[in-house]
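Visitor: One structure, pasted below without further comment.
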Amino acid sequence: MNPGVRSKHLAAETLAWPIASLSSFRLGLLQLERMDSGTLHPASSKLADDLSHHLKPLARGGSLEVLTQLREALWFEEVEWVSPRSSQCRVSLHSFLMRQAQARLEFSGPRVCLRISPGLSLAEAVHHWRWTSLSLPGDVLIAAHAAATGQEPPADSVSLGAPELDGFFSETELAQTHLHLGAAIPFERLWTHLMAGIASQDLLPGDLKGTAGFVDTREFLCWLVTAALARLSLGSFLFHLEQGQAQDLGSFLPGLAKRTRPPQVFLGAMSALSQGKDPVSFAEARRLLRTLQGQPPERLQGDPLEVLEQRDPLFEWLGLAPTLPETRLIARSFRYLRTSPADKGFASLFWQYLRIRNLTYRHLVLAPGTGGLDWFSTHFRNISPLRKGMDERTRVCSALEMDSRGARLASLEVRTSPSAHWGDIRNLAREVKAAPFRREEPVARALVLHFIKETHTSRPDKLPNADPRQRAHGCRFGSYFHAREQEVLAIETVLRRHPRLLQVLRGMDVCHLELAVPTWVFVPLLQRVRQASARVAESSGGGLRALGLTLHAGEEFRRLSEGLRHIHEPVEFQLLQRGDRLGHALALGTKPRAWCRDNAVVPQPKEEHLDDLLWELDRVAHDDWLTPRGRARYVKEQATRLGAEIYGGSTALVDLRQARKLRGDAYFLATVGYPFMRSHELAKQWGPPGELAVRYLSDFAVYTRGRQPELVTVHPTDAAMLERTQQFLRSTLAALEITIEANPTSNMLIGEVALEHHPIFSLQPLPGKARKGVSSIAVALGSDDPVTLATSLPDEFAYLYFELLRAGVSRQEAQSWLRRVAEGGMRARFTHQPTGPGPRAP
0 MNPGVRSKHL
10 AAETLAWPIA
20 SLSSFRLGLL
30 QLERMDSGTL
40 HPASSKLADD
50 LSHHLKPLAR
60 GGSLEVLTQL
70 REALWFEEVE
80 WVSPRSSQCR
90 VSLHSFLMRQ
100 AQARLEFSGP
110 RVCLRISPGL
120 SLAEAVHHWR
130 WTSLSLPGDV
140 LIAAHAAATG
150 QEPPADSVSL
160 GAPELDGFFS
170 ETELAQTHLH
180 LGAAIPFERL
190 WTHLMAGIAS
200 QDLLPGDLKG
210 TAGFVDTREF
220 LCWLVTAALA
230 RLSLGSFLFH
240 LEQGQAQDLG
250 SFLPGLAKRT
260 RPPQVFLGAM
270 SALSQGKDPV
280 SFAEARRLLR
290 TLQGQPPERL
300 QGDPLEVLEQ
310 RDPLFEWLGL
320 APTLPETRLI
330 ARSFRYLRTS
340 PADKGFASLF
350 WQYLRIRNLT
360 YRHLVLAPGT
370 GGLDWFSTHF
380 RNISPLRKGM
390 DERTRVCSAL
400 EMDSRGARLA
410 SLEVRTSPSA
420 HWGDIRNLAR
430 EVKAAPFRRE
440 EPVARALVLH
450 FIKETHTSRP
460 DKLPNADPRQ
470 RAHGCRFGSY
480 FHAREQEVLA
490 IETVLRRHPR
500 LLQVLRGMDV
510 CHLELAVPTW
520 VFVPLLQRVR
530 QASARVAESS
540 GGGLRALGLT
550 LHAGEEFRRL
560 SEGLRHIHEP
570 VEFQLLQRGD
580 RLGHALALGT
590 KPRAWCRDNA
600 VVPQPKEEHL
610 DDLLWELDRV
620 AHDDWLTPRG
630 RARYVKEQAT
640 RLGAEIYGGS
650 TALVDLRQAR
660 KLRGDAYFLA
670 TVGYPFMRSH
680 ELAKQWGPPG
690 ELAVRYLSDF
700 AVYTRGRQPE
710 LVTVHPTDAA
720 MLERTQQFLR
730 STLAALEITI
740 EANPTSNMLI
750 GEVALEHHPI
760 FSLQPLPGKA
770 RKGVSSIAVA
780 LGSDDPVTLA
790 TSLPDEFAYL
800 YFELLRAGVS
810 RQEAQSWLRR
820 VAEGGMRARF
830 THQPTGPGPR
840 AP
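Here the sequence shown is numbered in numbering that gives the first Met the number 0, starting from 0 and rising by one per residue.
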């Protein structure tokens with residue numbers, strides 16, 4: 000992370016800390032205060048100390064003095080002096096946040112835009128907002144700005160491109176090609192769903208996948224239910240205040256408590272929340288909530304997003320509007336705090352409620368600096384318990400609404416893992432097709448099913464998927480492969496029984512932990528699915544196309560050569576066809592010399608290092624590139640050594656090379672009985688390569704030796720070899736018309752790729768920036784996981800555009816480049832097109 004980006008991240012965390020940290024929740028602060036001596040008040044000092052400890056690993060060399068000055072500038076920019084003769088000062092949290100909101104936002108008709116201030120361009124404002132939105136939900140700042148300006152909030156989200164990109168978004172059709180359905184809902188709707196349903200849903204502590212910083216999942220759930228109780232109490236008080244039937248929260252709560260039995264439990268729950276400790280049990284809090292909330296509404300009909308709002312207990316008071324009841328509740332709370340600062344009881348309950356909400360946001364959103372797919376998968380898993388009870392149609396509607404905010408969404412693809420029951424896949428495809436859309440212009444929809452790469456299929460204390468000691472299978476990935484076979488059978492069945500669903504079921508994907516499962520495991524599975532879809536397409540008389548294929552590859556790798564091999568293997572094993580796509584493929588745009596400089600020594604399993612070398616030998620043998628001078632001997636020596644160490648004796652390089660290719664041969668795997676391997680005799684017809692391949696699959700000693708890591712040192716010829724490899728891959732993919740799915744925010748957070756250095760600018764160069772002899776590759780933009788990454792498709796276009804402006808590119812050139820990327824997405828989309836080219840049937 001470069002120093003400029005790091006400072007913005009530190010500023011965003013400092014801004015959020017008083018209202019979005021566990022420290023602030025435990026302290027229950029209502030204001031930030033400095034003593035007459037110039038030191039901080041004890042509670043503010045404790046908050047500041049905790050912030051310093053939090054920022055220390057993020058500062059990466061920044062001094063404590065720098066962090067202190069940053070905190071002072073943000074926290075005490077405008078203060079209330081206790082007396083003219085005293086240096087003691089304070090700032091209430093509502094004043095603090097409203098001031099920060101006014102500095103960042105402005106309302107323009109029905110939209111919320113970023114504010115341009117003297118010395119700060121819109122491009123810089125967008126850059127700052129990127130980091131703010133990863134630390135704090137945007138709707139909180141929108142509500143604070145509404146209260147500060149005496150307006151109603153016009154929207155729940157910020158229109159990043161407005162007004163500069165209005166013309167682009169109104170004229171350009173966009174295709175969402177990379178969106179995971181499980182995360183296709185913005186936080187404000189997810190929170191509304193949780194608060195509306197937590198009283199009736201049987202959510203248990205064991206269902207939660209993380210603690211959000213609390214002691215355990217039980218405490219987290221207790222506070223979530225208590226937050227719903229406080230939200231209802233705050234809303235009820237403000238409603239009665241508007242009716243002239245309440246004066247302050249302290250006198251109002253005892254009357255509300257009388258509606259519960261016993262009243263003291265309700266009051267105890269509110270007191271515990273104000274203090275940030277010792278919550279009542281989630282069972283008691285849920286019982287109180289059910290009593291106050293009453294019976295949930297009957298099964299509602301209509302637009303799923305409107306139904307979601309109508310289920311909110313606040314709806315009866317606030318009704319339908321351009322913004323959610325939640326946003327309006329927060330705005331009204333800020334407004335009340337501004338006019339009634341003496342109501343400390345309200346302030347305490349409100350800020351503690353908001354802190355639980357903000358901590359939940361940070362529980363879901365991937366924090367900068369936590370790169371790696373394993374960390375990302377942890378955050379992604381956090382979503383599912385909180386969206387419990389939300390059906391697929393609601394999520395599809397949410398995706399449609401989110402990706403069409405201020406933009407012309409023409410094509411939407413949503414991804415999810417397939418069920419092993421064909422009826423579930425049929426129903427899901429129908430939901431994707433039938434989900435209503437509020438706008439007149441139709442949007443083509445597609446369902447893409449993905450196989451999820453996992454290290455363990457069952458509990459982590461069981462054998463990993465790669466371990467060949469699996470009792471029923473006796474080979475690597477046997478049980479994992481067998482489970483995916485059941486999903487393939489379900490897909491084949493639904494296509495056979497409902498062939499017209501091929502209009503909606505349009506693609507297959509492989510995703511998640513890239514390093515957990517090798518490419519060869521999926522070759523027979525994907526070939527079967529594609530062949531089944533090709534038969535259906537052929538019988539349709541030309542009205543349908545076979546399924547498209549996209550694989551996450553080259554996103555996470557230990558060595559750059561490993562990432563490049565993963566990108567090529569789908570081509571090498573004849574999976575990718577003309578018009579298919581690859582997800583991320585960051586290795587393709589990573590600069591080899593810089594990578595070699597920064598990764599001089601890297602640990603890698605021996606068998607993966609061997610596969611890199613064998614793949615390189617194959618490519619050189621096929622004249623795909625010329626090996627740099629002095630490299631051939633080194634590669635052969637290393638491969639020979641590794642082969643002997645892994646397989647326990649001398650092995651010929653030609654046999655090792657052929658054995659590696661046999662793993663990616665569906666016919667070979669079927670012949671030897673994979674995934675149920677009991678005899679090695681059938682492999683003998685392939686000679687020594689077949690025997691080596693079977694030993695790789697089933698020999699535990701080979702597995703153990705192969706997984707042993709070794710420190711691989713960069714060779715002087717590595718950079719030149721990697722550059723030639725990239726050129727070969729780019730020309731190969733360009734010839735196949737393969738499109739790369741780019742997800743800049745995802746790559747920034749997971750791959751720690753700075754936006755200004757994103758490979759997308761290398762794969763699809765700006766005018767005059769193309770390198771001679773290096774092929775350009777079509778790129779399609781996607782948002783990947785919106786709630787985890789705090790983004791959307793229009794946001795991704797806006798972030799790229801303003802990053803180009805920050806780099807000195809003209810507005811005309813930047814928008815022209817954006818249009819080229821948008822056109823690449825439209826050409827590469829898998830959504831049903833009655834005419835036109837598509838992936839060829841095998």
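All C-beta atoms, glycine included, are put in the ideal place defined by N, C-alpha and C.
Short check: CB of isoleucine 759 to CB of aspartate 579, under 7 Å?
Guide: Here residue 759 corresponds to residue number 760 of the sequence shown, with the count starting at 1. Here residue 579 corresponds to residue number 580 of the sequence shown, with the count starting at 1. No, Cβ-Cβ distance for isoleucine 759 and aspartate 579 is not below 7 Å.
Visitor: Apart from the five residues just before and just after alanine 195, which ones in its own chain have a Cβ nearer than 6 Å to its Cβ?
Guide: Along the sequence shown, one-based indexing puts residue 195 at 196. Cβ neighbours of alanine 195 beyond the five flanking positions: Arg310, Asp311.
Visitor: Give every residue of the same chain whose Cβ lies closer than 8 Å to the Cβ of valine 431, excluding the five residues on either side of it in the sequence, and list them in chain order.
Guide: Residue mapping note: residue 431 aligns to position 432 of the sequence shown, counting from 1. The answer, listed in chain order, is Glu391, Val395, Val413, Arg444, Ala445, Leu446, Val503.
Visitor: Should alanine 11 be labelled buried (16 or more other beta-carbon atoms within 10 Å of its own) or exposed?
Guide: Position 12 of the sequence shown holds residue 11. Result: buried.
Visitor: Restricting to runs no shorter than 4 residues, where is the alpha helix (DSSP H) found entirely within the region 360-418?
Guide: As far as the region 360-418 is concerned, its whole alpha helix (DSSP H) runs of at least 4 residues are 372-380, 382-385, 391-402.
Visitor: Rounded to the nearest angstrom, what separates aspartate 423 and histidine 177 at their Cα positions?
Guide: Residue numbering aside, residue 423 sits at position 424 when the sequence shown is read from its first letter. Residue numbering aside, residue 177 sits at position 178 when the sequence shown is read from its first letter. Between aspartate 423 and histidine 177, the C-alpha separation is close to 22 Å.
Visitor: Return the CA-CA distance between proline 17 and phenylalanine 186, expressed in angstroms with no decimal places.
Guide: Counting from 1 along the sequence shown, the entry for residue 17 is found at position 18. Counting from 1 along the sequence shown, the entry for residue 186 is found at position 187. Near 20 Å, if we compare the C-alpha coordinates of phenylalanine 186 and proline 17.
Visitor: Taking the runs of the alpha helix (DSSP H) that are 4 residues or longer, which of them lie wholly in the region 215-271?
Guide: The region 215-271 contains these whole alpha helix (DSSP H) runs: 216-241, 248-256.
Visitor: Below 7 Å between beta carbons: does that hold for leucine 728 and histidine 567?
Guide: Counted from its first residue, the sequence shown places residue 728 at position 729. Counted from its first residue, the sequence shown places residue 567 at position 568. In contact: leucine 728 and histidine 567 (Cβ atoms closer than 7 Å).
Visitor: Since leucine 581 sits in a beta bridge, which residues does DSSP pair it with?
Guide: Residue 581 sits at position 582 when you count from the first residue of the sequence shown. Its beta-bridge partners are Leu550, Ile739.
Visitor: Could you name the residues of the same chain whose beta carbon sits closer than 7 Å to that of tryptophan 316, not counting the 5 residues immediately before and after it, in chain order?
Guide: Taking the first residue of the sequence shown as position 1, residue 316 is located at position 317. For tryptophan 316, where only same-chain residues beyond five positions count, the Cβ hits under 7 Å are Gly234, Phe238.
Visitor: Mind checking which residues open and close the beta strand (DSSP E) that includes glutamate 105?
Guide: Position 106 of the sequence shown holds residue 105. It spans 104-107 - the beta strand (DSSP E) in which glutamate 105 sits, taken as one unbroken run.
Visitor: Using CA atoms only, rank isn't needed, just tell me which of Thr626, Ala658, Leu609 is closest to threonine 639.
Guide: Here residue 639 is taken as the residue at index 640 of the sequence shown, counted from 1. Taking only the C-alpha atoms, the option nearest threonine 639 is Leu609.
Visitor: Considering only heavy atoms of the ligand ADP, does any lie closer than 6 Å to the CB of glutamine 811?
Guide: Among the components modelled here there is no ligand, and therefore nothing to report on the ligand ADP.
Visitor: Which residues in the same chain have their Cβ closer than 8 Å to the Cβ of glycine 835, if we skip the five residues on either side of it in sequence?
Guide: On the sequence shown, position 836 is the one that residue 835 refers to. Note that glycine 835 scores a pLDDT of 44, beneath 50, so its modelled location is shaky; the value from the coordinates is reported in the next line. Within the same chain, glycine 835 has no close Cβ partners at all.
Visitor: List the DSSP bridge partners of leucine 448.
Guide: Position 449 of the sequence shown, counted from the start, is the residue given in the question as residue 448. Beta-bridge pairing links leucine 448 to Thr415, Met507.
Visitor: Put tryptophan 80 into one of helix, strand or coil per three-state DSSP.
Guide: Here residue 80 refers to the residue found at position 81 when the sequence shown is read from its first residue. In this structure, tryptophan 80 counts as strand in the three-state DSSP scheme.
Visitor: In the DSSP output, which residue or residues are listed as bridge partners for valine 90?
Guide: As a working note, residue 90 is residue 91 in the sequence shown. Note: valine 90 sits in a beta bridge opposite Leu31.
Visitor: For tyrosine 360, is the classification buried or exposed, using 16 other Cβ atoms within 10 angstroms of its Cβ as the cut-off for buried?
Guide: Here residue 360 refers to the residue found at position 361 when the sequence shown is read from its first residue. Buried is the call here.
Visitor: Is it the case that the Cβ atoms of aspartate 277 and alanine 271 are separated by a distance below 7 Å?
Guide: The residue labelled residue 277 in the question sits at position 278 within the sequence shown. The residue labelled residue 271 in the question sits at position 272 within the sequence shown. Yes; because the gap between Cβ atoms is below 7 Å, this pair is in contact.
Visitor: With a cut-off of 7 Å, does the C-beta of threonine 589 fall near any C-beta of chain C?
Guide: The structure shown contains no chain C, having only a single protein chain.
Visitor: Are leucine 488 and methionine 507 closer than 7 Å when you measure CB to CB?
Guide: The residue labelled residue 488 in the question sits at position 489 within the sequence shown. The residue labelled residue 507 in the question sits at position 508 within the sequence shown. Not closer than 7 Å, so no.
Visitor: Please report the straight-line C-alpha distance between proline 838 and serine 418, rounded to a whole angstrom.
Guide: As a working note, residue 838 is residue 839 in the sequence shown. As a working note, residue 418 is residue 419 in the sequence shown. Residue placement at proline 838 cannot be trusted, given a pLDDT of 42 that sits under 50; what the coordinates show is reported in the next sentence. Proline 838 and serine 418: Cα-Cα distance of roughly 24 Å.
Visitor: Could you compute how far the alpha carbon of proline 602 sits from the alpha carbon of valine 711?
Guide: As a working mapping, residue 602 is identified with position 603 in the sequence shown. As a working mapping, residue 711 is identified with position 712 in the sequence shown. Straight-line Cα distance between these residues: approximately 6 Å.
Visitor: What does a CB cutoff of less than 7 Å around valine 808 pick up in its chain, not counting 5 residues either side in sequence?
Guide: Here residue 808 is taken as the residue at index 809 of the sequence shown, counted from 1. Leu765, listed in sequence order.
Visitor: How would you label histidine 449, buried or exposed, when you count the other beta carbons within 10 angstroms and need 16 or more for buried?
Guide: Within the sequence shown, the letter at position 450 stands for residue 449. Buried, since its Cβ has 16 or more Cβ neighbours within 10 Å.
Visitor: Is the beta carbon of aspartate 138 less than 7 Å from the beta carbon of threonine 326?
Guide: Here the question's residue 138 lines up with position 139 in the sequence shown. Here the question's residue 326 lines up with position 327 in the sequence shown. In this structure, threonine 326 lies closer than 7 Å to aspartate 138 by Cβ.
Visitor: Are the beta-carbon atoms belonging to leucine 159 and aspartate 794 less than 7 Å from one another?
Guide: Your numbering for residue 159 matches position 160 in the sequence shown. Your numbering for residue 794 matches position 795 in the sequence shown. Closer than 7 Å, so yes.
Visitor: Have a look at the DSSP bridge pairing and note the partners of proline 602.
Guide: Within the sequence shown, numbered from 1, the residue matching residue 602 stands at position 603. Bridge partners of proline 602: Leu710.
Visitor: With a Cβ-Cβ cutoff of 7 Å, do proline 162 and proline 109 count as a contact?
Guide: As a working mapping, residue 162 is identified with position 163 in the sequence shown. As a working mapping, residue 109 is identified with position 110 in the sequence shown. No.
Visitor: According to the Cβ coordinates, are phenylalanine 844 and alanine 122 closer than 7 Å?
Guide: Residue 844 lies beyond the stretch modelled for the chain, which goes from 0 to 841, so this question has no answer here.
Visitor: Mark glycine 542 as exposed unless 16 or more other C-beta atoms lie within 10 angstroms of its C-beta, in which case mark it buried.
Guide: In the sequence shown, residue 542 corresponds to position 543, counting from 1. That one is exposed.
Visitor: Could you check the C-alpha separation between threonine 456 and lysine 605 for me, to the nearest Å?
Guide: Counting from one through the sequence shown, the residue named residue 456 turns up at place 457. Counting from one through the sequence shown, the residue named residue 605 turns up at place 606. The alpha-carbon atoms of threonine 456 and lysine 605 are separated by roughly 24 Å.
Visitor: For arginine 25, collect the residues of the same chain with a Cβ closer than 6 Å to its Cβ; drop the 5 residues on either side in sequence, then sort them by chain order.
Guide: Counting from one through the sequence shown, the residue named residue 25 turns up at place 26. The answer, listed in chain order, is Gly275.
Visitor: Are the CB atoms of alanine 682 and valine 671 nearer to each other than 7 Å?
Guide: In the sequence shown, counting from the first residue as 1, residue 682 sits at position 683. In the sequence shown, counting from the first residue as 1, residue 671 sits at position 672. In contact: alanine 682 and valine 671 (Cβ atoms closer than 7 Å).
Visitor: Take proline 841 and list the residues in its own chain whose beta-carbon comes closer than 8 Å to its own, dropping the five residues that flank it on each side.
Guide: Indexing the sequence shown from 1 puts residue 841 at position 842. For proline 841, the predicted model reports a pLDDT of 33, less than 50, meaning its position is unreliable and no value from the coordinates is stated.
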